[in-house]
Amino acid sequence: MKKLCLAAAVGCALLSPLTVAQTDSDKIVVAHRGASGYLPEHTLPAKAMAYAMKPDFIEQDVVMTKDDQLVVLHDHYLDRVTNVAQLFPDRARDDGRYYAIDFTLAEIKQLSVTEGFNIKDGKQVQGFPERYPMWKSDFKVPTFQQEIEMIQGLNKTLGYDIGLYPEIKAPWFHRHEGKDISKAVLKVLKEYGYTEKDSNVYLQTFDFNELKRIHDELMPAMDMDLKLVQLMAYTDWNETMVYDAKGKAQPYDYDWMFEKGGMKTLGKYADGIGPWKPMVVSDASTKGNIKLTGLVKAAHAESMAVHPYTFRKDEGRIPAYAENFEDMLDIFYNTANVDGVFTDFPDIAVEFISEHE
Ligand code: G3P
Ligand code: CA
């Protein structure tokens, strides 16, 4: 991790825990949705806690409101992490979901945020039962600007240089609804001083068409040149859709990214890729017989960084080929040679990097 050493002259070991210098590894840690293993995802407290764990980057998933404001939410729906169904029962669409884009910022600010849940037999069931309890304390949906200001403020008070890792969520959906979310995200990043390749930000999206548009049209028009990351999915996840001539949404075909030449094409637009873990280490691996897919080598050959998602230590989330969470980190950082990981538990990954420096 590349960080500021505030007092190199006096020796880093003499510094207090909050000002201790970071290790000098090139491997990075991205706090996925903040310290989301400990506090409700994407809330400012989860981001402040993540900050204190000293990752290299803190992630923001960004969606747009009815009145064109940017808020930090993983889904473009509000119903998995808020009480929207209780406060605005008549505002669901036909599919039963409550879309952030149908609500003003003032309305979204009325909502309480909780640890994520699913509805089963009419009841709320916590997604990760061992995590922070549902509906305890008081959390809100932050705007993108509020979060940037907090991270920049902490960079000032604590002296680190922790970066942003925003994801433009479902740009295909926003644009279909008449909203240019990518332009809005770039505008805010520019306002806060993120304009250059070496600005401390990676901008990510699952939507390759939009990544290309950002690279070829939006950034040049705005005099910006940020690092871009292409997130990778499988076609049948329906993560990215494209509208056909009849206006029907069809899944975007990701197959080409996994074929010969896929990384070469991506390398023309992206500085990095964000694959799902099994795209890097095959699930056919066993303890002592780790099978790499070759994706890291192919991406590195095109000078792209590789930051797979998502590293979780919850029950059932450690692949059978790993002994435990740390072993999983070791396999990815050292055997697979990835450049960074997205994790809900940034403290453990930061400690792992420090100890294996
Ligand atoms: O953006 C990297 C990772 O966060 C992708 O997964 O669904 O948590 O946004 P998701
Ligand atoms: Ca994300």
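Residue numbers for the sequence shown, in mature numbering (1 follows the signal peptide of the UniProt record, and there is no 0): -21 to -1, 1 to 336.
Yeah, the Cβ is synthetic: ideal placement off N, Cα and C, and Gly gets one too.
| Check | Outcome |
| --- | --- |
| Glu218 CB to nearest heavy atom of ligand 2 below 7 angstroms | no |
| Residue span of the alpha helix (DSSP H) that contains Ile160, given as start and end | 160 to 170 |
| Buried or exposed (CB count within 10 angstroms, at least 16 for buried), Ser282 | exposed |
| For Arg59 and Tyr111, the rounded distance between their alpha carbons | 15 angstroms |
| Proximity test, Phe152 beta-carbon vs ligand 1 heavy atom, cut-off 7 angstroms | no |
| Closer than 7 angstroms: Gln209 CB and nearest ligand 1 heavy atom | no |
| Selected residue, minimal CA-CA separation from Phe123, among Glu109, Ala200, Lys26 | Lys26 |
| C-beta contact flag for Val259 and His286 at 8 angstroms | no |
| Best match in Leu274, Val41, Asp223, Pro257 for proximity to Met242 [C-alpha to C-alpha] | Leu274 |
| Boundaries of the alpha helix (DSSP H) in which Asp40 is found, first to last residue | Element bounds for Asp40: not the alpha helix (DSSP H) but the beta strand (DSSP E), 36 to 43. |
| Any non-hydrogen atom of ligand 3 within 7 angstroms of Glu38 CB | With respect to small molecules bound, the structure shown includes ligand 1 and ligand 2 and not ligand 3. |
| With 16 other Cβ atoms within 10 Å as the buried cut-off, status of Tyr300 | buried |
| DSSP state of Asn97 mapped onto helix, strand, coil | strand |
| Cβ-Cβ distance between Thr289 and Phe321 below 8 angstroms | yes |
| Bounding residues of the beta strand (DSSP E) (the contiguous stretch that carries Asp305) | Residue identity check: residue 305 is Glu in the sequence provided, not Asp. Not the beta strand (DSSP E): Glu305 falls in the alpha helix (DSSP H), residues 304 to 309. |
| For Pro150 and residue 416, believed in contact at Cβ under 8 angstroms, the rounded distance | For the chain, the structure presents residues -21 to 336; residue 416 sits outside this window and is missing. |
| Separation of Leu57 from Val63, as counted between CA atoms | 7 angstroms |
| Member of Gly142, Tyr213, Ala249, Gly226 whose CA lies at the smallest distance from the CA of Lys191 | Ala249 |
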